[in-house]
DNA sequence: TTGATGATACGGACCGTCTCGTATCGGATC
DNA sequence: GATCCGATACGAGACGGTCCGTATCATCAA
């Protein structure tokens, strides 16, 4: 028995056009005003082609997130060996984007999308450095003697990301150095 | 010149029916599946009566929040004199509601609503103890010698609420004692 | 031959506006 | 004080629009 198939193969061009259109419209209009018909039109594609491969708007946005089409690469957390400076750099970069008018809509839309869709929440957390990057960087810092070895890395990561998110939602101007300082100071080795 | 009006006065019965219906349907279906027509039907009211007094779904939900129809009163932060225990009690209560299936939908919907609507974000922050309650409780604790006098109260409050919110979004099981402990431990006087 | 594609028609859900007829208020008239 | 009148909120629902998710074309590449 062979699982060979005849007929045309899934069009990669259509897939990319759809994902790019989704990213464009998401950034322009936000999650709630993102429509499947809009994506189809922008991508020059039939609606059915979208529904054939994605079950919902949420899956579409989640895949854009995975593909890195929604968040800039600068959100990668650096590791220069200086834990505090790296965290401040990263926090400042995230806050800078969050304060830019376009970026603010993007962040708020991502949060709204994450609140409505578990897939997106997981992907967003990854993209924003959830389990992996922030917590990992904290561990590396501890290994380098810049943080208590037994510091609660997961809680600290959650608090840092949480403070940024809530600050963005409530439009509170946060100071990266104060924020990182508050969380690190008490836990330095 | 007088600003007297003739004609019937705004119906308080209709207002309450609308707000109650909004709260009920919000808790049942979440923010995005809350429809004006659904509210009108549930409240036994004409759609126009809603649109006459509220410009959007967001304003409606924000007013429910103000009226205390969406969040239980138990979210009031106690002050027994023991800062750490009070914060742990409050955090545990919030997390308890967030873990209940109905409560989870409610919390996630509130976050989604806050991300989309600035009014709701402000009201939610108030209801959840934003500037006022958590930060104020921290100050009181400092005055009682349970926290450094010069601790960054605002950042700590933001980090605590943020950690709870992000934990709820990403469905991370948080431990109230660890969370509060991490934030308080080395800011104690 | 098979199956993905762009296009488009379809019924249905909600939107926000508009207009009914009805009920209730204040002010003017008697 | 009784009565009428203009103003206005009310419940109900019709209306044109947008978007949903599904179904069905003819077309075209493997």
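Protein chains in written order, with my numbering: chain R, 86 to 274; chain H, 86 to 274. Every residue, glycine too, gets a C-beta built ideally from N, C-alpha and C. Predicted model only: the values in this text are computed from it and were never measured.
### Query
What is the DSSP secondary structure of residue 251 of chain H, counted as helix, strand or coil?
Reading the second chain from its first residue, position 166 is the one you call residue 251 of chain H. Residue 251 of chain H falls in the helix class under three-state DSSP.
### Message
With H, G and I counted as helix, E and B as strand and the rest as coil, what does DSSP make of residue 235 of chain H?
### Response
Taking the second chain and counting its residues from 1, one reaches residue 235 of chain H at position 150. Residue state, collapsed to three classes: coil.
### Task
Starting from residue 117 of chain R, find everything on chain H with Cβ-Cβ shorter than 8 Å and list it in chain order.
Taking the first residue of the first chain as position 1, residue 117 of chain R is located at position 32. Residues of chain H whose Cβ lies closer than 8 Å to the Cβ of residue 117 of chain R are, in chain order, 117, 201.
### Query
Taking the alpha carbon of residue 218 of chain H as the point to measure from, which residue in H:182, H:239, H:267 has its own alpha carbon closest?
Translated into positions along the second chain, residue 218 of chain H becomes position 133. Here the closest residue by C-alpha is H:239.
### Query
Of all the residues that make up the stretch 172 to 199 of chain H, which are near chain R by a beta-carbon distance shorter than 9 Å?
Within the stretch 172 to 199 of chain H, the residues whose Cβ lies closer than 9 Å to some Cβ of chain R are 192, 193, 194, 195, 196, 197, 198, 199, listed in chain order.
### Message
Using a 10 Å radius around the Cβ and a threshold of 16 neighbouring Cβ atoms, would you call residue 136 of chain R buried or exposed?
### Response
Here residue 136 of chain R is taken as the residue at index 51 of the first chain, counted from 1. Per the 10 Å Cβ criterion, exposed.
#### Entry: chain R within 9 Å of residue 86 of chain H, Cβ atoms only
The residue labelled residue 86 of chain H in the question sits at position 1 within the second chain. Model confidence at residue 86 of chain H stands at a pLDDT of 45, short of 50, so the residue's coordinates are unreliable; what they give is reported in the following sentence. No, residue 86 of chain H does not count as interfacial toward chain R.
### Query
Hey, does residue 243 of chain R have any beta-carbon neighbour from chain H nearer than 9 Å?
Within the first chain, residue 243 of chain R is the residue found at index 158, counting from 1. Chain H contact via Cβ: present.
### Query
How many angstroms separate the CA atom of residue 191 of chain R from the CA atom of residue 244 of chain H?
Within the first chain, the letter at position 106 stands for residue 191 of chain R. Within the second chain, the letter at position 159 stands for residue 244 of chain H. Residue 191 of chain R and residue 244 of chain H have their C-alpha atoms spaced approximately 22 Å apart.
### Message
Any beta carbon from chain H within less than 9 Å of residue 259 of chain R's own beta carbon?
### Response
The residue labelled residue 259 of chain R in the question sits at position 174 within the first chain. True, the Cβ-Cβ gap to chain H drops below 9 Å.
### Query
How far does the alpha helix (DSSP H) with residue 131 of chain H in it reach, from first residue to last?
In the second chain, counting from the first residue as 1, residue 131 of chain H sits at position 46. Looking at the DSSP string, residue 131 of chain H is not in any alpha helix (DSSP H), and its letter there is neither H nor E.
### Task
For the stretch 142 to 160 of chain H, enumerate the residues whose C-beta is nearer than 8 Å to any C-beta of chain R, in chain order.
For the stretch 142 to 160 of chain H, no residue has a beta-carbon sitting nearer than 8 Å to a beta-carbon of chain R.
### Query
Which chain H residues are close to residue 263 of chain R, counting only those with a beta carbon under 7 Å from its beta carbon?
The sequence position of residue 263 of chain R within the first chain is 178, counting from 1. Simply 237, 240.
#### Entry: Beta-carbon gap between residue 213 of chain H and residue 168 of chain H smaller than 9 Å
One-based indexing of the second chain puts residue 213 of chain H at position 128. One-based indexing of the second chain puts residue 168 of chain H at position 83. Contact flag unset, no.
### Query
Can you tell which of R:117, R:178, R:176, R:107 has the C-alpha that lies nearest to the C-alpha of residue 155 of chain R?
Counting from 1 along the first chain, the entry for residue 155 of chain R is found at position 70. Of the listed residues, the one whose Cα sits closest to residue 155 of chain R is R:107.
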